[in-house]
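Worksheet: the structure to be examined is printed underneath.
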Amino acid sequence: MIRMLLTASVLIGSVTAASENGTAEVIRSGSPTCKAIAFTFDMCPVRDGAGYDAPLIETLISKRIPATFFLSGRWIATHEAEVRALLAVPFFEIGTHGQVHAHLPMVDADRQRKEIQGPVTLLQTRYGRRAPLFRPPYGEYNDATVEIARALGLRFILWNAVSGDPDPQLSRTRMVDHLKATVHDGSIIVFHANGRGRHTRAVVEDLYQDLVLTRGLKPVTVSTLLDGCEAGQTRDGTEPSH
Ligand SMILES: [Zn+2]
Numbered sequence: 000m001i002r003m004l005l006t007a008s009v010l011i012g013s014v015t016a017a018s019e020n021g022t023a024e025v026i027r028s029g030s031p032t033c034k035a036i037a038f039t040f041d042m043c044p045v046r047d048g049a050g051y052d053a054p055l056i057e058t059l060i061s062k063r064i065p066a067t068f069f070l071s072g073r074w075i076a077t078h079e080a081e082v083r084a085l086l087a088v089p090f091f092e093i094g095t096h097g098q099v100h101a102h103l104p105m106v107d108a109d110r111q112r113k114e115i116q117g118p119v120t121l122l123q124t125r126y127g128r129r130a131p132l133f134r135p136p137y138g139e140y141n142d143a144t145v146e147i148a149r150a151l152g153l154r155f156i157l158w159n160a161v162s163g164d165p166d167p168q169l170s171r172t173r174m175v176d177h178l179k180a181t182v183h184d185g186s187i188i189v190f191h192a193n194g195r196g197r198h199t200r201a202v203v204e205d206l207y208q209d210l211v212l213t214r215g216l217k218p219v220t221v222s223t224l225l226d227g228c229e230a231g232q233t234r235d236g237t238e239p240s241h
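In numbering that gives the first Met the number 0, the protein residues as written are 0 to 241.
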């Protein structure tokens, strides 16, 4: 008698999320039909100085300009009072910017996961704040970066308008002229608020005058730009929404 052994071969496909759902979205701007813009400010770690552009923050608060901040873990660890100050402003939004500001494509996926997760966990455990937006340091990423951010439930936020504010060669006028020419409806603009931007506050004030008050582009957080902006939204002058 021949006994046949039927071997069921169950193939467990190792389907990656990327191939299943398509490439995760790397966001550089909102809809071009949205008459709004997002001012964003990175908090990269600093070795010296205050690491916090207090006059800039005061300007944003006094003019009630909604803004989105991307905090690195190392910056959070050395700026507890400043973190609390930012979290206390209802029209500020907080995202993360890696733990130690590593060049993510240069490290393996495990290290990338730790880098990306670090400040998210810190904000959650120490400050009780979810931070679902992520911006990679230097704007650098590879497929693993995108995949990890998605697995962690983070939105991947870049920009489409560059202030160039850490560049000591750039004058205020040149920065403003460049941004006035490149910012359009739905733009996300990248600045720094860690004290590295020489003219950041002045440039923000100039842009507020030109883009917001004159051109009627409404300043909003990144999340509002992406989720809260109806197509064809009418201009509503200088009153930020609540
Ligand atoms: Zn940075």
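Glycine residues also receive a C-beta, built at the ideal position from the N, C-alpha and C atoms.
Check	Outcome
According to DSSP, is residue 23 helix, strand or coil?	Because the pLDDT at residue 23 is just 48, under 50, the model does not fix this residue reliably, and the value given afterwards should be weighed accordingly. Three-state result, residue 23: coil.
Please classify residue 105 as buried or exposed, where buried requires at least 16 other C-beta atoms within 10 Å of its C-beta.	exposed
Note down the Cα distance separating residue 114 from residue 121, rounded to an integer number of angstroms.	12 Å
Judging by CA-CA distance, which residue of 189, 147, 196 is the nearest neighbour of residue 67?	189
Consider the C-beta atom of residue 71 and the heavy atoms of ligand 2; say whether any pair is separated by less than 8 Å.	As far as ligands go, the structure on display features ligand 1 and does not contain ligand 2.
State yes or no: is the C-beta of residue 33 nearer than 8 Å to some heavy atom of ligand 1?	no
Is residue 118 helix, strand or coil when you go by DSSP?	helix
What beta strand (DSSP E) runs, 3 residues minimum, are completely inside the stretch 23-91?	35-42, 66-70
Check each candidate in 25, 38, 30, 24 and name the one with the smallest Cα separation from residue 211.	38
Between the alpha carbons of residue 23 and residue 29, how many angstroms are there, rounded?	Residue confidence is low: residue 23 scores 48 on pLDDT, short of 50, so the model does not pin down where it sits. Its coordinate-derived value is still stated next. Straight-line Cα distance between these residues: approximately 16 Å.
Would residue 83 pass as a contact of residue 126 if the rule is Cβ separation under 9 Å?	yes
By Cβ distance, which residues of its chain are closer than 7 Å to residue 207, with the 5 residues on each side in sequence left out?	62, 64
Going by the C-beta, is residue 51 closer than 8 Å to any heavy atom of ligand 1?	no
What does the Cβ neighbour count give for residue 193, buried or exposed, with the cut at 16 atoms within 10 Å?	buried
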